[in-house]
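Using the working numbering, read the sequence shown as starting at 12 and increasing by one per residue. We treat Cβ as the ideally placed atom computed from N, Cα and C, and that holds for glycine. Here the structure is a predicted model, which means the values were calculated and not measured. These notes concern the structure reproduced below.
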Amino acid sequence: EAEEILIEDNKVVGVTLKPFNKEAFTVTCSQIVAAPGRGGAEWLEKTVKKLNLETMNNEVDIGVRVEVPNSVMDNVTKALYEAKMVYYGDTYENKVRTFCMNPGGVVSEEHYENGLAVVNGHSYGDKSKWTENTNFAILVSTRFTQPFNQPIEYGQYVAKLANMLTGGPIMVQRLGDLLKGRRTTKERLAKSTTIPTLKTAVPGDLSFVLPPRHLTTIIESLKAFDHLCPGLYSKNTLLYGVEVKFYSSKVKVDEKLMTKVDGLYTIGDGAGVTRGLMQASATGIYVAETISKKL
Numbered sequence: 012e013a014e015e016i017l018i019e020d021n022k023v024v025g026v027t028l029k030p031f032n033k034e035a036f037t038v039t040c041s042q043i044v045a046a047p048g049r050g051g052a053e054w055l056e057k058t059v060k061k062l063n064l065e066t067m068n069n070e071v072d073i074g075v076r077v078e079v080p081n082s083v084m085d086n087v088t089k090a091l092y093e094a095k096m097v098y099y100g101d102t103y104e105n106k107v108r109t110f111c112m113n114p115g116g117v118v119s120e121e122h123y124e125n126g127l128a129v130v131n132g133h134s135y136g137d138k139s140k141w142t143e144n145t146n147f148a149i150l151v152s153t154r155f156t157q158p159f160n161q162p163i164e165y166g167q168y169v170a171k172l173a174n175m176l177t178g179g180p181i182m183v184q185r186l187g188d189l190l191k192g193r194r195t196t197k198e199r200l201a202k203s204t205t206i207p208t209l210k211t212a213v214p215g216d217l218s219f220v221l222p223p224r225h226l227t228t229i230i231e232s233l234k235a236f237d238h239l240c241p242g243l244y245s246k247n248t249l250l251y252g253v254e255v256k257f258y259s260s261k262v263k264v265d266e267k268l269m270t271k272v273d274g275l276y277t278i279g280d281g282a283g284v285t286r287g288l289m290q291a292s293a294t295g296i297y298v299a300e301t302i303s304k305k306l
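Structure, rendered in structure tokens:
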């Protein structure tokens, strides 16, 4: 773990590293790229505060992972593979977007260092492992205003509620049950024509987890996207929760993605600079090229 970034005269001079179960040591350097990923967003936030770097309060994306039969999404996934759909809610006008679309994919559970379970999804490169379902995230973006400045903690709190209600695993609910204001039970889930790919998911009620603002916006977006993908707004559509994308408060950087500290760059999703793997990868290449020109 990187314990501390060392600065002298507003320039990078090194970093203190602490291996697991070993003594910390210092590495001398003049260039550091902070790319902690979403899981390290909280670490970066603490680090930049210690360095007194100026930040902008960033968004937190909270939502669900949607699972439907491939046939519902074929008209977009066969043309684009991963469609990016954006909608602004009718009631609250929050931005909602689709993310990480996986045709023939599986819904999965992932854990952060603190044991927090959140939902995710993927497709296998080997098409022989593809399923009958497509899954994707629907995320509601919220940018908080002063005095609140803990978007990461807020997202963690919502995800913890879901973990509390299920006893740890991911929660799943049929859209039809959600619209009727009732919990999905094992019996109701067994009647679903959409077979869940995450077998460990616990049937429940997402209305006890997601704030009304988020839940209303998600339902409105599903209804709107149904015009593009008929069958999406179906009682058998499965919603898994919670999916949360943590982004650090965005550090102010220049056009080279360097902070006000000479030699310190911040990139990727964990730094609040990007919103996805491709963009995050591009920032890494961009900064690597910038640094290589200085060598």
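If you measure between the beta carbons of residue i and residue j, is that distance less than 8 Å?
{"i": "asparagine 174", "j": "glutamate 254", "result": "no"}
{"i": "glycine 51", "j": "histidine 225", "result": "no"}
{"i": "alanine 212", "j": "valine 169", "result": "no"}
{"i": "threonine 228", "j": "tyrosine 103", "result": "yes"}
{"i": "glycine 11", "j": "glycine 48", "result": "Lying outside 12 to 306, the shown extent of the chain, residue 11 is not represented and no answer is given."}
{"i": "leucine 268", "j": "valine 298", "result": "yes"}
{"i": "lysine 197", "j": "threonine 66", "result": "no"}
{"i": "glycine 252", "j": "alanine 46", "result": "no"}
Assuming residue i is part of the alpha helix (DSSP H), what are its boundary residues?
{"i": "threonine 39", "result": "Threonine 39 -> not in any alpha helix (DSSP H); beta strand (DSSP E) instead, spanning 36 to 39."}
{"i": "glutamate 56", "result": "52 to 61"}
What are the start and end residues of the beta strand (DSSP E) that includes residue i?
{"i": "asparagine 32", "result": "Here asparagine 32 belongs to no beta strand (DSSP E), and DSSP marks it neither H nor E."}
{"i": "lysine 256", "result": "249 to 256"}
{"i": "phenylalanine 236", "result": "Counting along the chain, phenylalanine 236 falls outside any beta strand (DSSP E), though it belongs to the alpha helix (DSSP H) covering 223 to 236."}
{"i": "glycine 132", "result": "128 to 133"}
{"i": "glycine 215", "result": "From DSSP, glycine 215 is part of no beta strand (DSSP E); its letter is neither H nor E."}
{"i": "threonine 153", "result": "144 to 154"}
{"i": "alanine 46", "result": "First-last for alanine 46: undefined, no H or E at that position."}
{"i": "tyrosine 276", "result": "275 to 277"}
{"i": "proline 207", "result": "First-last for proline 207: undefined, no H or E at that position."}
Just mark residue i as buried or exposed, buried being the case when its beta carbon has 16 or more other beta carbons within 10 Å.
{"i": "leucine 5", "result": "Summary: the structure shown does not reach residue 5, with the chain confined to residues 12 through 306, and so no result is reported for it."}
{"i": "tyrosine 135", "result": "exposed"}
{"i": "glutamine 157", "result": "exposed"}
{"i": "lysine 256", "result": "buried"}
{"i": "glutamine 307", "result": "Residue numbering for the chain in the displayed model covers 12 to 306; residue 307 lies beyond these limits and cannot be assessed."}
{"i": "proline 241", "result": "exposed"}
{"i": "leucine 249", "result": "buried"}
{"i": "serine 139", "result": "exposed"}
{"i": "serine 245", "result": "buried"}
Skipping 5 residues on each side, what residues in its chain have a beta carbon closer than 7 Å to that of residue i?
{"i": "alanine 128", "result": "Glu120, His122, Asn174, Gly179, Pro180, Ile181"}
{"i": "tyrosine 165", "result": "Val71"}
{"i": "leucine 176", "result": "Met182, Gly215, Phe219, Val220"}
{"i": "threonine 205", "result": "Glu78, Val79, Pro80, Asn144, Asn247, Thr248, Leu249"}
{"i": "aspartate 237", "result": "Leu243, Tyr244"}
Can you list, in chain order, the residues of its chain whose CB lies under 8 Å from that of residue i, leaving out five sequence neighbours each side?
{"i": "threonine 208", "result": "Glu78, Gly116, Val117, Val118, Thr142, Asn144, Asn146"}
{"i": "leucine 17", "result": "Val23, Val24, Gly25, Val26, Thr27, Thr37"}
Beta carbon of residue i: closer than 7 Å to some heavy atom of the ligand ATP?
{"i": "glycine 166", "result": "As for the ligand ATP, it is missing from this structure, which has no ligand bound."}
Tell me which residues share the same chain as residue i and place their Cβ nearer than 6 Å to its Cβ, disregarding the 5 neighbours each side in the sequence.
{"i": "phenylalanine 110", "result": "Ala148, Leu150"}
Inside the region 93 to 117 only - beta strand (DSSP E) runs reaching at least 3 residues: 97 to 99, 106 to 114
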